[in-house]
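Colleague:
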Amino acid sequence: MASKNGDIPRIGVYVCHCGTNIGGQVNVPEVVAFARTLPNVVVAREYKYMCSDPGQMLIKEDIQKLNINRVVVASCSPHLHEHTFRKATLEGGRNPFLFHMANIREHVSWVTQDPEKATEKAKAIVEAAVYRIQFHEPLESKHVPVHPDVLIVGGGIAGITAALTLADAGKTVYLIERESSIGGHMAKFDKTFPTLDCASCILTPKMTTVKDHPNIHLMTYAEVLEVDGYVGNFRVKVKKKPRYVIEDRCIGCYVCIEHCVYKTPKHPSEFDEGIGLRKPIYIPFPQAVPLVAVIDPETCIEFKSGRCPKKCQKACREIVGRDAIDFTQKEEILEIQVGAVIIATGFQIFDPSRIPEYGYGRYPNVYTSLEVERLVNASGPTGGAIVLRDGRKPQSVAIIHCVGSRDRNYNPWCSRVCCMYSLKLAHLVRERTGAEVYNCYIDMRTPGKGYEEFYEKLLHEGVHFIRGKVAEVTDWTINPEEAGKLVIRVEDSLIGVVRRIPVDMVILSVGLEPRSDAEELRRLFHISCSAEGWFLERHPKLAPVSTYTDGVYIAGACQGPKDIPDAVAQAGAAAGEVLSLVDRGVIELEPNIAVIDARRCSGCHVCIALCPFSAIAFHAEENVARINEALCKGCGVCVGACPSRAISQQLFKDEQILAEIEGLLMVD
Amino acid sequence: MEKKKVGFYWCASCGGCEEAVVDLAEDLLTALEQIDIVFWPVAMDFKREDVERLDDGEIFATFINGAVRLSEQEEIVKLLRRKSRVIVAFGACSHMGGIPGLANGVAREAILDYYYRNGPALESREPMPPDPERTWKEHGFHLPRFYENVRALDQVVEVDYYIPGCAPPPNVVKGALAQLLSDQPPPSGTVLAATHALCHECELNDTKPEEGIRIQAFRRPHLVDKIDPHTCLLVQGLICLGPVTRGGCGALCIKGRMPCTGCFGPLDGVRDFGAAALSFVASIIDADDPHDIERILDEGIPDPLGTFYMYSLPKSLLFQKVLPSNGRRTARTEPRREKAESR
Ligand SMILES: Cc1cc2nc3c(=O)[nH]c(=O)nc-3n(C[C@H](O)[C@H](O)[C@H](O)COP(=O)(O)OP(=O)(O)OC[C@H]3O[C@@H](n4cnc5c(N)ncnc54)[C@H](O)[C@@H]3O)c2cc1C
Ligand code: SF4
Ligand code: SF4
Ligand code: SF4
Ligand code: SF4
Ligand code: SF4
Numbered sequence: 016m017a018s019k020n021g022d023i024p025r026i027g028v029y030v031c032h033c034g035t036n037i038g039g040q041v042n043v044p045e046v047v048a049f050a051r052t053l054p055n056v057v058v059a060r061e062y063k064y065m066c067s068d069p070g071q072m073l074i075k076e077d078i079q080k081l082n083i084n085r086v087v088v089a090s091c092s093p094h095l096h097e098h099t100f101r102k103a104t105l106e107g108g109r110n111p112f113l114f115h116m117a118n119i120r121e122h123v124s125w126v127t128q129d130p131e132k133a134t135e136k137a138k139a140i141v142e143a144a145v146y147r148i149q150f151h152e153p154l155e156s157k158h159v160p161v162h163p164d165v166l167i168v169g170g171g172i173a174g175i176t177a178a179l180t181l182a183d184a185g186k187t188v189y190l191i192e193r194e195s196s197i198g199g200h201m202a203k204f205d206k207t208f209p210t211l212d213c214a215s216c217i218l219t220p221k222m223t224t225v226k227d228h229p230n231i232h233l234m235t236y237a238e239v240l241e242v243d244g245y246v247g248n249f250r251v252k253v254k255k256k257p258r259y260v261i262e263d264r265c266i267g268c269y270v271c272i273e274h275c276v277y278k279t280p281k282h283p284s285e286f287d288e289g290i291g292l293r294k295p296i297y298i299p300f301p302q303a304v305p306l307v308a309v310i311d312p313e314t315c316i317e318f319k320s321g322r323c324p325k326k327c328q329k330a331c332r333e334i335v336g337r338d339a340i341d342f343t344q345k346e347e348i349l350e351i352q353v354g355a356v357i358i359a360t361g362f363q364i365f366d367p368s369r370i371p372e373y374g375y376g377r378y379p380n381v382y383t384s385l386e387v388e389r390l391v392n393a394s395g396p397t398g399g400a401i402v403l404r405d406g407r408k409p410q411s412v413a414i415i416h417c418v419g420s421r422d423r424n425y426n427p428w429c430s431r432v433c434c435m436y437s438l439k440l441a442h443l444v445r446e447r448t449g450a451e452v453y454n455c456y457i458d459m460r461t462p463g464k465g466y467e468e469f470y471e472k473l474l475h476e477g478v479h480f481i482r483g484k485v486a487e488v489t490d491w492t493i494n495p496e497e498a499g500k501l502v503i504r505v506e507d508s509l510i511g512v513v514r515r516i517p518v519d520m521v522i523l524s525v526g527l528e529p530r531s532d533a534e535e536l537r538r539l540f541h542i543s544c545s546a547e548g549w550f551l552e553r554h555p556k557l558a559p560v561s562t563y564t565d566g567v568y569i570a571g572a573c574q575g576p577k578d579i580p581d582a583v584a585q586a587g588a589a590a591g592e593v594l595s596l597v598d599r600g601v602i603e604l605e606p607n608i609a610v611i612d613a614r615r616c617s618g619c620h621v622c623i624a625l626c627p628f629s630a631i632a633f634h635a636e637e638n639v640a641r642i643n644e645a646l647c648k649g650c651g652v653c654v655g656a657c658p659s660r661a662i663s664q665q666l667f668k669d670e671q672i673l674a675e676i677e678g679l680l681m682v683d
Numbered sequence: 026m027e028k029k030k031v032g033f034y035w036c037a038s039c040g041g042c043e044e045a046v047v048d049l050a051e052d053l054l055t056a057l058e059q060i061d062i063v064f065w066p067v068a069m070d071f072k073r074e075d076v077e078r079l080d081d082g083e084i085f086a087t088f089i090n091g092a093v094r095l096s097e098q099e100e101i102v103k104l105l106r107r108k109s110r111v112i113v114a115f116g117a118c119s120h121m122g123g124i125p126g127l128a129n130g131v132a133r134e135a136i137l138d139y140y141y142r143n144g145p146a147l148e149s150r151e152p153m154p155p156d157p158e159r160t161w162k163e164h165g166f167h168l169p170r171f172y173e174n175v176r177a178l179d180q181v182v183e184v185d186y187y188i189p190g191c192a193p194p195p196n197v198v199k200g201a202l203a204q205l206l207s208d209q210p211p212p213s214g215t216v217l218a219a220t221h222a223l224c225h226e227c228e229l230n231d232t233k234p235e236e237g238i239r240i241q242a243f244r245r246p247h248l249v250d251k252i253d254p255h256t257c258l259l260v261q262g263l264i265c266l267g268p269v270t271r272g273g274c275g276a277l278c279i280k281g282r283m284p285c286t287g288c289f290g291p292l293d294g295v296r297d298f299g300a301a302a303l304s305f306v307a308s309i310i311d312a313d314d315p316h317d318i319e320r321i322l323d324e325g326i327p328d329p330l331g332t333f334y335m336y337s338l339p340k341s342l343l344f345q346k347v348l349p350s351n352g353r354r355t356a357r358t359e360p361r362r363e364k365a366e367s368r
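Chains as they are written, first to last, in my numbering: chain A, 16 to 683; chain B, 26 to 368.
Have a look at this one:
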């Protein structure tokens with residue numbers, strides 16, 4: 016059969032072994048012999064690794080020596096190597112779109128148990144590709160400029176680091192943070208493992224640099240609403256929630272808060288994990304960036320009854336002379352244009368009330384690790400004093416590792432940081448209170464630079480290490496020694512006895528989880544999540560901060576549990592990827608756009624309202640619809656709808672798809 | 026110049042297409058100056074033997090209307106195919122199966138049962154199913170076999186041209202005849218009508234909103250108080266198949282304030298008329314919630330098969346197999362459900 020452009024197809028088929036990945040399951044020589052019998056196949060070869068240089072060379076040589084004009088490679092997923100082989104086709108002297116990839120790894124060898132069936136399946140997929148490629152035509156790629164600005168979502172340590180790296184390179188960065196201050200989890204800590212350097216000493220300077228950087232537009236109390244567009248050209252709608260305090264006017268002097276009608280704070284502070292209290296107008300923590308007050312309409316009397324004397328507003332106006340408080344502030348929707356996106360939205364902690372045996376929420380002196388981080392923090396609600404809810408200093412403290420992690424009933428994964436922060440908290444508790452500390456662990460996991468050494472140090476500080484999973488925390492006491500205390504029951508698996516340890520305080524080392532709204536964000540940015548809900552990287556080893564959506568990168572704990580050094584390293588990597596994209600300046604788009612054949616179009620208007628990118632317009636003079644090439648993203652929606660078959664999509668033409676199906680069904 | 030021999034035949038049809046030929050009126054008489062009718066059972070007394078006597082290919086063109094369901098119809102169209110250089114499928118039934126083709130939505134046995142055994146219109150007389158071999162008062166005779174399903178003409182014999190319509194309007198028939206008799210006849214396989222969808226020639230196309238069509242409720246013509254004659258019917262929520270139907274009729278139904286039901290069939294390149302119709306109608310529904318969509322469809326389109334396949338069910342991919350043969354896709358032409366047939 017002659018192809019549409021008149022030339023007789025001369026097809027080369029290359030079947031890859033992929034080491035044993037394919038070759039171990041599929042009888043490759045048999046597939047090659049079969050390919051030789053297919054129409055217009057001039058040459059069929061096998062090779063150990065088609066993606067290697069010698070593999071690509073086979074294609075180039077056959078194009079030149081055998082005058083091959085269509086190339087089919089049967090190997091892995093096009094996600095991985097389509098680009099490689101298109102390039103080889105081009106370098107051999109053919110249009111790169113005269114290539115088609117048949118996936119016999121992900122679609123066959125990895126998922127088919129029986130080698131015979133796998134071989135048959137591979138043949139069918141090769142035949143489909145051979146049938147399809149007869150209908151391929153040379154295509155030109157479209158080049159579009161990349162918008163140089165960058166969006167970063169999430170202002171934890173990962174987002175901050177990426178923002179600073181990019182801004183220092185001269186890029187304009189929009190940093191969107193949902194809370195009223197940036198800083199993320201790290202801002203809550205007093206010290207960080209393993210060096211025990213003060214978290215705010217290393218974080219605060221970065222936070223203020225973000226605020227002052229001329230290239231960073233910081234938007235706090237803000238969220239992404241809508242994302243349109245594609246790599247190089249995203250249009251993003253951002254919602255700025257009203258904080259009822261005008262950011263530019265507020266100087267963070269606390270005078271309003273002092274004058275609030277609530278003489279003393281009554282409402283649990285979110286930043287302090289409920290350990291401390293705040294007023295309806297508050298600044299979450301003294302190092303907050305931006306250092307601007309915020310009013311919580313849920314607790315503010317003015318918002319609830321409209322009858323507050325509004326002393327805060329008066330104080331700001333009359334004492335400070337700033338008049339920063341504005342009860343009528345409205346939510347604002349801003350639209351920004353960027354070329355690339357980094358998502359750095361971090362994690363949330365496991366909610367330990369899901370494990371009733373540990374008594375969280377029932378016994379006041381059972382704490383989460385994050386609550387204790389606030390207790391030990393010098394600028395926290397207790398000024399760094401570790402005290403129980405009734406103000407007493409604990410004499411004995413148990414730290415339970417792996418709460419919610421490594422447990423089939425909750426989260427199966429290891430949260431990676433809890434062993435280390437449990438050691439950190441053990442050290443801090445002993446240092447501040449002198450209490451007896453019992454760390455109950457399942458396995459001690461300290462695989463980081465200086466981490467094992469930190470554990471070693473703790474072993475000599477008199478902390479008790481008990482290897483065993485805690486069964487229960489209870490206030491049911493059986494002897495006077497236990498009276499008034501919490502008892503943890505744990506099997507010490509090193510000596511093989513069940514122990515009851517009475518303590519004053521229990522710290523639950525809760526695991527790290529994907530944020531509950533990760534799914535929404537995933538959908539907004541069209542990226543993928545792993546089954547657990549962490550954002551999925553393009554390749555676990557070789558593309559750890561890229562996603563399957565070009566131009567969208569991930570960094571920090573939103574990709575999986577990790578500590579600060581790893582989060583920072585990923586942030587740097589993501590910034591590097593963004594720089595390489597933005598500085599390239601242009602990107603090549605798949606030429607898979609839709610085209611209307613004006614000779615067939617009746618001007619029926621069916622397609623016009625359907626295009627999600629508003630690429631289709633009606634031209635009344637000619638009574639036909641037209642697609643704007645620059646706007647079409649090749650989504651295919653209009654193609655399926657056109658009742659006149661006037662619209663076709665390049666690389667997905669009817670005859671290509673039907674030929675592919677036909678080829679697939681030919682093998683019996 | 027010798028006159029060209031022409032034949033007419035009807036299969037499963039309502040007779041409207043015969044009427045359409047007669048409707049040519051004076052034009053028919055003019056045509057008769059150029060042609061010589063050798064077979065036209067409806068109007069003239071020719072017999073099968075008269076056709077059999079002709080040489081193969083002696084007839085210039087035979088116009089066949091109606092779908093094929095009986096063995097007799099199959100025999101005669103095959104005979105006519107042999108005797109004719111050009112076969113023209115005339116009208117929707119022969120083009121796509123037409124209204125009789127809707128019977129393919131019902132099993133053969135159910136049809137026979139309803140009409141010959143248990144149907145409400147039967148009196149208590151003894152059931153008389155149309156068995157091929159029968160005797161009546163000692164006379165034995167053959168009845169044609171009633172095939173398992175209805176077929177369009179080109180599913181039985183090769184067809185050179187199609188004149189669409191239910192029935193084909195005079196202007197279309199005239200145009201087609203002129204094209205056929207011209208020195209440069211169109212390529213074989215051509216549907217002799219417009220190449221654009223009906224909207225292209227409909228006066229109301231201009232009234233569609235610039236931003237496209239979005240429909241929140243479909244309305245059925247007989248339940249609508251008043252149809253606005255100056256606004257596109259589709260925009261008014263009536264299912265007008267103008268966007269998916271080949272033009273050429275001059276939007277006759279729309280001028281009569283009835284939505285197009287698609288008798289001219291699909292445009293070139295559309296494989297399945299009903300699927301294309303369904304897919305465009307589904308695309309313009311203005312709802313995201315699956316429940317809303319379901320409600321809009323249930324309330325507005327209670328008979329989807331009749332709505333989208335009124336004339337084209339036998340040509341649909343529904344109930345069919347596509348058999349590859351040397352890369353050419355051909356619809357299966359043998360009667361399906363052989364088993365029931367052999368009984
Ligand atoms: C109790 C505890 C102690 C720890 N101690 C240490 C330690 O000592 N040393 C160490 O190395 N690691 C420690 N870790 C780990 C450390 O917290 C993480 O490695 C680090 O916080 C990861 O940073 P991140 O920027 O990825 O995420 P996060 O710190 O979670 O920051 C994410 C930011 O994104 C924002 N955000 C989320 N969703 C959105 C959205 N949709 N739109 C806009 N903004 C959004 C959040 O408000 C937040 O500001 C500890 C963890 C815990 C739980
Ligand atoms: S008094 Fe005014 S300037 Fe000071 S913190 Fe309050 S709102 Fe800001
Ligand atoms: S749907 Fe098809 S025929 Fe209708 S206006 Fe769009 S391109 Fe033209
Ligand atoms: S394929 Fe059609 S609907 Fe999709 S973006 Fe292109 S023009 Fe718009
Ligand atoms: S949809 Fe029907 S009424 Fe509307 S323009 Fe098309 S043919 Fe005319
Ligand atoms: S408007 Fe439609 S249904 Fe009516 S005659 Fe024309 S094609 Fe047939």
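Glycine included, every Cβ here is placed at the ideal spot set by N, Cα and C.
1) Taking A:V41 as the reference, which of A:L666, A:C66, A:D129, A:R25 has the closest Cα?
2) Suppose the cutoff is 6 angstroms on Cβ atoms and the five residues either side in sequence are ignored; what does the same chain contact list for B:C227 look like?
3) For a test of the three-state rule: what should DSSP assign to A:L679, helix, strand or coil?
4) Which residues does DSSP list as the beta-bridge partners of A:V88?
5) Taking A:I542 and A:E386 to be in contact with their CB atoms under 8 angstroms, please state how far apart those CB atoms are, rounded to whole angstroms.
6) Please tell me whether, using a cut-off of 8 angstroms, the distance from the CB of A:A572 to the nearest non-hydrogen atom of ligand 5 is below it.
7) Grab me the residues of A:P559's own chain with a C-beta within less than 6 angstroms of its C-beta, minus the 5 sequence neighbours each way, in chain order.
8) In whole angstroms, what separates the C-alpha of A:E670 from that of A:F150?
9) How would you call B:G144, buried or exposed, if buried means at least 16 neighbouring beta carbons within 10 angstroms?
10) With burial defined as no fewer than 16 other Cβ atoms inside 10 Å of the residue's Cβ, what is the status of B:E359: buried or exposed?
11) Note down, in chain order, every chain B residue with its Cβ under 8 angstroms from the Cβ of A:N638.
12) So with CB distances below 7 angstroms, who are the chain B contacts of A:I623?
13) State the start and end residues of the unbroken beta strand (DSSP E) segment that holds A:S663.
14) With a threshold of 6 angstroms on Cβ separation, who are the neighbours of A:V88 within its own chain once the five nearest residues in sequence on each side are excluded?
15) Can we say the segment 236-244 of chain B touches the segment 321-335 of chain B, given the rule of at least three CB pairs closer than 8 angstroms?
16) With DSSP as the reference, please indicate the residues paired to A:C455 in a beta bridge.
17) Nearest to A:C91 by alpha carbon, out of A:E106, A:M520, A:L105, A:H32?
18) Where does A:E372 fall in DSSP's three states?
19) Using a beta-carbon distance cut-off of less than 7 angstroms, what residues from the segment 639-661 of chain A approach chain B?
20) Would you identify the three-state DSSP class for A:F667, choosing helix, strand or coil?
21) When DSSP labels each residue in this structure, what does A:V505 get in the three-state scheme?
22) Taking all protein chains shown into account, do 16 or more other C-beta atoms lie within 10 angstroms of the C-beta of A:W549, making it buried, or fewer, making it exposed?
23) With A:G107 as the anchor, note down where its beta strand (DSSP E) starts and where it stops.
24) Return yes when the Cβ of A:F628 is within less than 9 angstroms of the Cβ of A:L646, no when it is not.
Modeller: On the basis of the data shown:
1) Here residue 41 of chain A is taken as the residue at index 26 of the first sequence, counted from 1. Selected option, being the one with the closest Cα: A:D129.
2) Within the second sequence, numbered from 1, the residue matching residue 227 of chain B stands at position 202. Within the same chain, B:C227 has close Cβ partners G267, A276, I279.
3) Within the first sequence, numbered from 1, the residue matching residue 679 of chain A stands at position 664. Three-state DSSP puts A:L679 in a helix.
4) Indexing the first sequence from 1 puts residue 88 of chain A at position 73. DSSP, once it has assigned bridges, lists A:Y29, A:M116 as partnering A:V88.
5) Position 527 of the first sequence holds residue 542 of chain A. Position 371 of the first sequence holds residue 386 of chain A. So it is not a contact: roughly 32 angstroms between Cβ atoms.
6) For the purposes of this step, residue 572 of chain A is taken as the residue at position 557 of the first sequence. Checking every heavy atom of ligand 5 against the Cβ of A:A572, none is found closer than 8 angstroms.
7) Locating residue 559 of chain A in the first sequence gives position 544, counting from the first residue. Cβ within range, chain order: E552.
8) By 1-based counting over the first sequence, the position of residue 670 of chain A is 655. By 1-based counting over the first sequence, the position of residue 150 of chain A is 135. Going from the Cα of A:E670 to the Cα of A:F150 covers about 7 angstroms.
9) In the second sequence, counting from the first residue as 1, residue 144 of chain B sits at position 119. When all chains shown are included, B:G144 counts as exposed.
10) Taking the second sequence and counting its residues from 1, one reaches residue 359 of chain B at position 334. The pLDDT assigned to B:E359 is 36, lower than 50, so where the model puts this residue is not dependable; a value taken from the coordinates is nonetheless given after this. With fewer than 16 other Cβ atoms within 10 Å, it is exposed.
11) As a position in the first sequence, residue 638 of chain A is number 623, starting the count at 1. Per Cβ cutoff of 8 angstroms: H225, N230.
12) Numbered from 1 along the first sequence, position 608 holds the residue referred to as residue 623 of chain A. Going along chain B in sequence order, the residues near A:I623 (Cβ under 7 angstroms) are E236, G237.
13) Along the first sequence, one-based indexing puts residue 663 of chain A at 648. Segment 662-664, the beta strand (DSSP E) holding A:S663.
14) Taking the first sequence and counting its residues from 1, the one referred to as residue 88 of chain A is at position 73. Correct list, in chain order: Y29, M65, F100, M116.
15) yes
16) What you label residue 455 of chain A is simply residue 440 of the first sequence in a count that begins at 1. Answer is A:I415, A:I481, bridged to A:C455.
17) By one-based count along the first sequence, residue 91 of chain A stands at place 76. That would be A:H32, whose Cα lies nearest to the Cα of A:C91.
18) Walking along the first sequence from the start, residue 372 of chain A turns up at place 357. Residue state, collapsed to three classes: helix.
19) G655, A656, P658, S659, R660
20) To locate residue 667 of chain A, count along the first sequence from 1; it is residue 652. Three-state DSSP puts A:F667 in coil, outside helix and strand.
21) Sequence index remark: in the first sequence, residue 505 of chain A carries index 490 (1-based). Three-state result, A:V505: strand.
22) For the purposes of this step, residue 549 of chain A is taken as residue 534 along the first sequence, with counting starting at 1. Looking at its Cβ environment, which holds 16 or more other Cβ atoms inside 10 Å, A:W549 is buried.
23) Taking the first residue of the first sequence as 1, we reach residue 107 of chain A at position 92. Not the beta strand (DSSP E): A:G107 falls in the alpha helix (DSSP H), residues 93-107.
24) For the purposes of this step, residue 646 of chain A is taken as residue 631 along the first sequence, with counting starting at 1. For the purposes of this step, residue 628 of chain A is taken as residue 613 along the first sequence, with counting starting at 1. For A:L646 and A:F628, yes; Cβs fall inside 9 angstroms.
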